[in-house]
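Peer 1: Got a structure for you, written out below as structure tokens; questions coming shortly.
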Amino acid sequence: MKPAPFDYVRAGTLAEAHEVLGLEGGEASVIAGGQTLVPLLSMRMARPAVLVDIMGIEELANIAAEDNSIRIGAAVRQAELLAWPALKQRQPLLALALPWVGHAQTRARGTVCGSIALADPSAELPLALVALGGQVILSSAATVRRVTADDFFTGLMSTARADEELIEAVLFPCSRDGEGYAFREFARRHGDFAIVACAAMASSSNTRLAIGGVADRPSACDLGTLDGSALDDALNEFAWSLEARDDLHATSRYRRELVRRLGRETIEEARRCCA
Amino acid sequence: MLRLSAAARHRVAFELNGRAVEAEAEPRMLLTDFLRQRLGMTGTHVGCEHGVCGACTIEIDGVPARACLTLAVQVDGARLRTVEGLETAPGRLSMLQEAFRRHHALQCGFCTAGILMSLDWYLRVCPDPTEGDVRKFLGGHLCRCTGYVPIVAAALDAAQRFRESPADV
Chain A
1 MKPAPFDYVR AGTLAEAHEV LGLEGGEASV IAGGQTLVPL LSMRMARPAV LVDIMGIEEL
61 ANIAAEDNSI RIGAAVRQAE LLAWPALKQR QPLLALALPW VGHAQTRARG TVCGSIALAD
121 PSAELPLALV ALGGQVILSS AATVRRVTAD DFFTGLMSTA RADEELIEAV LFPCSRDGEG
181 YAFREFARRH GDFAIVACAA MASSSNTRLA IGGVADRPSA CDLGTLDGSA LDDALNEFAW
241 SLEARDDLHA TSRYRRELVR RLGRETIEEA RRCCA
Chain B
1 MLRLSAAARH RVAFELNGRA VEAEAEPRML LTDFLRQRLG MTGTHVGCEH GVCGACTIEI
61 DGVPARACLT LAVQVDGARL RTVEGLETAP GRLSMLQEAF RRHHALQCGF CTAGILMSLD
121 WYLRVCPDPT EGDVRKFLGG HLCRCTGYVP IVAAALDAAQ RFRESPADV
């Protein structure tokens with residue numbers, strides 16, 4: 001339970017971080033809050049030759065509302081976003097989901113982008129990004145590109161980020177008038193990874209439900225204005241499409257039932273909020 | 001750009017319980033091991049070493065965090081507080097620690113240092129919690145002895161005493 005040796009680089013600017021990632025490629029790992037990387041290092045599931053600490057890069061430390069979205073830099077901690085005064089008004093789903101991310105003690109250090117970089121299928125922030133149709137800004141010394149959440153999460157803890165790229169920021173769309181949001185999660189203990197997590201966004205013409213903890217990545221489904229048994233049927237179909245598997249925490253059947261029941265409750269709550 | 005080589009030890013300096021400290025660490029050294037082995041501050045315990053059990057919880061820059069999920073080199077220049085910093089005068093327990101003693105909120109004591117550090121912060125930011133609030137907050141800590149009941153009772157008792165005489169700590 002001790003990390004293997006690595007060099008530690010404290011980058012002062014984005015260009016310095018890009019330079020190290022460009023030179024070292026897959027041998028380097030970015031460290032921000034370290035709340036997901038340090039356990040992987042300790043268990044030696046990750047053995048980078050170099051760690052690049054980006055927390056000293058000032059330009060990554062900002063939360064900004066721009067072009068109808070919230071831009072969250074890679075050095076913004078989860079607790080900082082939760083304490084951002086405009087959060088609830090700009091994007092209620094984030095305000096609802098963030099208290100479920102780990103514990104106060106890990107949110108104090110962990111970053112928003114770090115959770116998205118790890119792409120754990122049970123984690124709340126990747127789920128919120130998929131539910132809202134957000135984007136990830138990836139940059140290297142030579143390029144900057146924006147990738148949609150659907151394209152970014154490519155599978156179990158794997159993403160579209162190339163070795164030389166850094167997640168510079170993520171963009172969460174702001175809420176619009178008339179939209180309602182809800183977030184529910186089932187776990188054995190508050191703060192554990194979710195067995196099933198549900199995020200819903202409802203407007204007068206559509207309801208979108210995203211599910212975490214079941215498939216190998218968060219998945220969303222647009223349910224229009226379906227109601228009654230038609231909504232149950234659609235949720236059942238969605239639950240089966242996620243190809244749940246049995247594990248130590250729950251059976252696949254149990255997970256599908258949670259998608260059907262908790263999913264429906266989440267949708268109803270979101271619809272009440274937009275009404 | 002500062003680069004610390006894996007093979008060497010590097011000076012790490014920070015404020016610990018109001019006092020400037022420094023020692024040397026390899027980049028891979030966890031903060032838990034740095035506190036215990038380099039600085040001899042063994043009040044902070046090492047449990048699961050992957051952030052789940054909460055035994056190593058300390059305060060970093062005014063908020064509780066897991067020392068086992070932190071590298072020593074990451075806290076260079078930071079302000080840290082550990083369980084050794086809770087006593088109000090040499091040998092005098094804090095109000096929270098006294099409440100733990102009164103309620104038998106510890107048995108083996110392994111988890112206690114972390115729980116104290118979390119609750120000390122929590123009762124400052126949330127001075128009037130319900131039992132449910134305390135239980136939810138304690139989700140970040142594992143105790144295998146007490147069943148949590150006396151820990152919750154101690155936290156609520158301490159909260160009430162803080163409210164009645166905040167100056168006493």
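The listed protein sequences correspond, in order, to chains A and B. Going letter by letter, the first sequence gives residues 1 to 275 in our numbering. Going letter by letter, the second sequence gives residues 1 to 169 in our numbering. The beta-carbon is built from N, C-alpha and C at its ideal position, and this holds for glycine as well.
Name, please, each residue of chain A whose Cβ falls closer than 8 Å to the Cβ of R66/B.
Peer 2: Position 66 of the second sequence, counting from 1, holds the residue named residue 66/B. What R66/B touches in chain A: Q35, Q105, T106, R109.
Peer 1: Straight-line CA distance for A141/A to R3/B?
Peer 2: Working through the first sequence from its first residue, we reach residue 141/A at position 141. Working through the second sequence from its first residue, we reach residue 3/B at position 3. Near 19 Å, if we compare the C-alpha coordinates of R3/B and A141/A.
Peer 1: Give a yes or no on whether 8 Å exceeds the smallest Cβ distance from F14/B to chain A.
Peer 2: Counted from its first residue, the second sequence places residue 14/B at position 14. No, F14/B lies away from the interface with chain A (no Cβ there is under 8 Å from its Cβ).
Peer 1: So, does the segment 85 to 92 of chain B touch the segment 138 to 149 of chain B, judging by three or more C-beta pairs under 8 Å?
Peer 2: no
Peer 1: I'd like the list of long-range same chain contacts for L235/A, defined as Cβ closer than 7 Å, with 5 residues on each side in sequence excluded.
Peer 2: Within the first sequence, residue 235/A is the residue found at index 235, counting from 1. Around L235/A: V259, R260, G263, R264.
Peer 1: Under 7 Å between beta-carbons, which chain A residues line up against A6/B? List them in chain order, please.
Peer 2: As a working note, residue 6/B is residue 6 in the second sequence. Here the neighbours are P5, F6, D7.
Peer 1: Would a check of beta-carbon distances place R49/B closer than 8 Å to chain A?
Peer 2: As a working note, residue 49/B is residue 49 in the second sequence. Note that residue 49/B is Glu in the sequence shown here, rather than Arg. Yes, E49/B lies at the interface with chain A (some Cβ there is under 8 Å from its Cβ).
Peer 1: What does M157/A reach in chain B if we use C-beta pairs closer than 7 Å?
Peer 2: Position 157 of the first sequence, counting from 1, holds the residue named residue 157/A. Residues of chain B passing the Cβ test: none, with the nearest at roughly 16 Å.
Peer 1: Taking the alpha carbon of L16/B as the reference point, which residue from R124/B, I60/B, Q160/B, D33/B has its own alpha carbon closest?
Peer 2: Here residue 16/B corresponds to residue number 16 of the second sequence, with the count starting at 1. Here the closest residue by C-alpha is I60/B.
Peer 1: Do you know how far the Cα of A25/B is from the Cα of T159/A?
Peer 2: Start at 1 with the first residue of the first sequence, and residue 159/A comes out as number 159. Start at 1 with the first residue of the second sequence, and residue 25/B comes out as number 25. Using only the alpha carbons, I get a separation of about 33 Å.
Peer 1: Just to confirm, is the Cβ distance from C56/B to L142/B under 8 Å?
Peer 2: Within the second sequence, numbered from 1, the residue matching residue 56/B stands at position 56. Within the second sequence, numbered from 1, the residue matching residue 142/B stands at position 142. The answer is no: Cβ separation not under 8 Å.
Peer 1: Write down every uninterrupted run of the beta strand (DSSP E) in the segment 84 to 132 of chain B whose length is 3 residues or greater and which is fully enclosed by it, in chain order.
Peer 2: For the segment 84 to 132 of chain B, not a single whole beta strand (DSSP E) run of length 3 or above is found.
Peer 1: From D120/A to M157/A, what distance separates their C-alpha atoms?
Peer 2: Start at 1 with the first residue of the first sequence, and residue 120/A comes out as number 120. Start at 1 with the first residue of the first sequence, and residue 157/A comes out as number 157. Within the model, the alpha-carbon separation for D120/A versus M157/A is close to 5 Å.
Peer 1: Identify the continuous alpha helix (DSSP H) that holds V259/A and give its terminal residues.
Peer 2: Here residue 259/A refers to the residue found at position 259 of the first sequence. Where V259/A is concerned, the enclosing alpha helix (DSSP H) stretches over 252 to 274.
Peer 1: Taking Cβ to Cβ, would you say Q35/A is nearer than 8 Å to T148/A?
Peer 2: As a working mapping, residue 35/A is identified with position 35 in the first sequence. As a working mapping, residue 148/A is identified with position 148 in the first sequence. No, Cβ-Cβ distance for Q35/A and T148/A is not below 8 Å.
Peer 1: Would you decide whether Q160/B is buried or exposed? Buried here means 16 or more other CB atoms lie within 10 Å of its CB.
Peer 2: Within the second sequence, numbered from 1, the residue matching residue 160/B stands at position 160. With fewer than 16 other Cβ atoms within 10 Å, it is exposed.
Peer 1: I want to verify the contact list: residues of chain B whose CB lies under 7 Å from the CB of G12/A, in sequence order.
Peer 2: In the first sequence, counting from the first residue as 1, residue 12/A sits at position 12. Result: M1.
Peer 1: Check for me: the beta strand (DSSP E) holding E66/A runs from which residue to which?
Peer 2: One-based indexing of the first sequence puts residue 66/A at position 66. Note, E66/A: beta strand (DSSP E), 63 to 66.
Peer 1: Check the DSSP bridge columns for G73/A and list the partner residues they point to.
Peer 2: Indexing the first sequence from 1 puts residue 73/A at position 73. DSSP lists A169/A as partners of G73/A.
Peer 1: Please name the residues in the segment 186 to 208 of chain A whose beta-carbon is closer than 7 Å to at least one beta-carbon of chain B, in chain order.
Peer 2: Cβ contacts with chain B: R189, H190, G191.
Peer 1: Check for me: the beta strand (DSSP E) holding P64/B runs from which residue to which?
Peer 2: What you label residue 64/B is simply residue 64 of the second sequence in a count that begins at 1. From DSSP, the beta strand (DSSP E) with P64/B extends over 63 to 66.
Peer 1: Any residues in the segment 69 to 94 of chain A with a beta carbon nearer than 8 Å to a beta carbon of chain B? Which ones, in chain order?
Peer 2: A79
Peer 1: Note down, in chain order, all residues in the segment 23 to 50 of chain A with a beta-carbon under 7 Å from any beta-carbon belonging to chain B.
Peer 2: G34, Q35, V38, P39, S42, M43
Peer 1: Applying a beta-carbon distance threshold of less than 9 Å, which residues of chain A neighbour T57/B?
Peer 2: Translated into positions along the second sequence, residue 57/B becomes position 57. By Cβ distance, chain A contributes Q105.
Peer 1: Would you give the residue range spanned by the alpha helix (DSSP H) that L156/B belongs to?
Peer 2: Within the second sequence, numbered from 1, the residue matching residue 156/B stands at position 156. Its alpha helix (DSSP H) spans residues 149 to 164.
Peer 1: Return the CA-CA distance between E164/A and A20/B, expressed in angstroms with no decimal places.
Peer 2: By one-based count along the first sequence, residue 164/A stands at place 164. By one-based count along the second sequence, residue 20/B stands at place 20. Approximately 38 Å between the Cα atoms of the pair.
Peer 1: Is it buried or exposed for W121/B, if we count other Cβ within 10 angstroms and need 16 for buried?
Peer 2: Counted from its first residue, the second sequence places residue 121/B at position 121. W121/B is buried by the Cβ-count criterion.
Peer 1: Less than 8 Å between the beta carbons of A194/A and S122/A, yes or no?
Peer 2: By one-based count along the first sequence, residue 194/A stands at place 194. By one-based count along the first sequence, residue 122/A stands at place 122. Yes. Within cutoff.
Peer 1: Is it buried or exposed for E49/B, if we count other Cβ within 10 angstroms and need 16 for buried?
Peer 2: Along the second sequence, one-based indexing puts residue 49/B at 49. Result: buried.
Peer 1: Please compile the residues from chain A whose C-beta is within a distance smaller than 8 Å of the C-beta of Q74/B.
Peer 2: Locating residue 74/B in the second sequence gives position 74, where the first residue counts as 1. Within 8 Å Cβ-Cβ: I31, G34, D53, M55.
Peer 1: Chain B partners of E16/A, CB-CB under 8 Å?
Peer 2: Within the first sequence, residue 16/A is the residue found at index 16, counting from 1. Per Cβ cutoff of 8 Å: M1.
Peer 1: Can you have a look at P127/B and say buried or exposed, based on whether 16 or more other CB atoms are within 10 angstroms of its CB?
Peer 2: Numbered from its first residue, the second sequence carries residue 127/B at position 127. Under the 10 Å beta carbon count, P127/B is surrounded by fewer than 16 other beta carbons and is classified as exposed.
Peer 1: Take the Cβ of V144/A as the centre, count every other Cβ of all protein chains shown within 10 Å, and call the residue buried at 16 or more, exposed below.
Peer 2: Within the first sequence, the letter at position 144 stands for residue 144/A. Label assigned to V144/A: exposed.
Peer 1: Cβ closer than 8 Å: which chain A residues qualify as neighbours of E164/B?
Peer 2: What you label residue 164/B is simply residue 164 of the second sequence in a count that begins at 1. Going along chain A, no residue has its Cβ under 8 Å from E164/B, so there is no contact; the nearest lies around 25 Å.
Peer 1: Considering only their Cβ atoms, is the gap separating S115/A from P126/A smaller than 8 Å?
Peer 2: Stepping through the first sequence from its first residue, residue 126/A is reached at position 126. Stepping through the first sequence from its first residue, residue 115/A is reached at position 115. Yes.
Peer 1: Quick check on Q91/A: does DSSP put it in helix, strand or coil?
Peer 2: Here residue 91/A corresponds to residue number 91 of the first sequence, with the count starting at 1. Looking at Q91/A - three-state DSSP - the assignment turns out to be coil, as it is neither helix nor strand.
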